[in-house]
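Mapping of the sequence shown onto this note's numbering: residues 841 to 999, in sequence order.
All C-beta atoms, glycine included, are put in the ideal place defined by N, C-alpha and C.
Before any comments, here is the structure.
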Amino acid sequence: MRDLSHLAEFAPFVAVHDEFAERLLRHQDALVRGDAKAARAELAALRADLVSHMEHEEARILPVLAARGGWGRAGDPQFYRDEHAKIRALLGRFAAASEGLDPGSAGYPRAAGRLIADEEALVTLLAHHDDRESRCLYPDLVRVTTPAERRAMLDGAAS
Ligand SMILES: [Fe+2]
Ligand SMILES: [Fe+2]
841 MRDLSHLAEF
851 APFVAVHDEF
861 AERLLRHQDA
871 LVRGDAKAAR
881 AELAALRADL
891 VSHMEHEEAR
901 ILPVLAARGG
911 WGRAGDPQFY
921 RDEHAKIRAL
931 LGRFAAASEG
941 LDPGSAGYPR
951 AAGRLIADEE
961 ALVTLLAHHD
971 DRESRCLYPD
981 LVRVTTPAER
991 RAMLDGAAS
C-alpha cells in the first residue's frame, strides 16, 4: 500500500487511479479465459468511468491551476491534458480491437495475446499519469488553493 498521507484530501482521486489499473487487469483476465463478451464489457465500463474522471479534472481542476499559475517544472496543466488525450486514444483503439475478437476462432489466442501486449502501453501511461498527478498536480493545488476551494473542486468527482 502506498503512503499517501500527505495527499489525504485527494485520497478518492488516488484510490480511483488504483481501481482503474485493477479494472484493466480484470478485462485482461477475461481475455485470457476466452470470455470476449466480459472483456468488452469490462473495458467499456472502465472507458466510461476513466473518461468521466478526466472530464472532471479538465473542467473543474485544471482551469483553477492554470488560472493561478505557480506549478513546478513537470506540472504544466497542458501536460495532464495531453496525457488525457493519449489515454482516450488508447482506450478507443483497444475497444475497437476487442470488438473483433472471436473466442471460437482459431486465431483467438494470438489475437488476444497481441491485444494484451498492446495494452501495456496504456498500463504504462496510466502509471506515469498517476505518478505525475500525485507528485505535481495535487501538491501544486495545495499551494495555490484554499481547503474550501479544493473541497469544491473534488466534489462530484467520478469514483
Ligand atoms: Fe486523475
Ligand atoms: Fe488525469
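Query - Under the three-state DSSP convention, the category residue 943 falls into - result: Looking at residue 943 - three-state DSSP - the assignment turns out to be coil, as it is neither helix nor strand.
Query raised in the report: Does any heavy atom of ligand 2 sit closer than 7 Å to the C-beta of residue 993?
Result: Incorrect: residue 993 has no Cβ contact closer than 7 Å to ligand 2.
Query - beta-carbon residue 978 near ligand 2 non-hydrogen atom, thresh 7 Å - result: Residue 978 has its Cβ no nearer than 7 Å to any heavy atom of ligand 2.
Query raised in the report: Within the present structure, is the beta-carbon of residue 853 separated from the nearest heavy atom of ligand 1 by less than 7 Å?
Result: Relative to ligand 1, the nearest heavy atom lies less than 7 Å away from the CB of residue 853.
Query - Rounded C-alpha distance that separates residue 979 from residue 865 - result: Whole-angstrom Cα-Cα distance: 29 Å.
Report task. Keeping to the same chain, check which residues put their C-beta closer than 8 Å to that of residue 886; ignore five residues upstream and five downstream. Result -> Counting only residues of its own chain and dropping the five nearest sequence neighbours on each side, residue 886 has a CB closer than 8 Å to the CB of 860, 863, 864, 867 and 931.
Query raised in the report: Can you list, in chain order, the residues of its chain whose CB lies under 6 Å from that of residue 911, leaving out five sequence neighbours each side?
Result: Answer for residue 911: 980, listed in chain order.
Report task. Tell whether a beta-carbon distance below 8 Å holds between residue 898 and residue 928. Result -> Remark: C-beta atoms of residue 898 and residue 928 do not approach each other more closely than 8 Å.
Requested in this report: Flag this pair as touching only if the segment 868 to 888 and the segment 944 to 962 have three or more C-beta atom pairs under 8 Å; answer yes or no.
Outcome: A contact between stretches requires three or more CB pairs, one per stretch, nearer than 8 Å, and the segment 868 to 888 meets this requirement with the segment 944 to 962.
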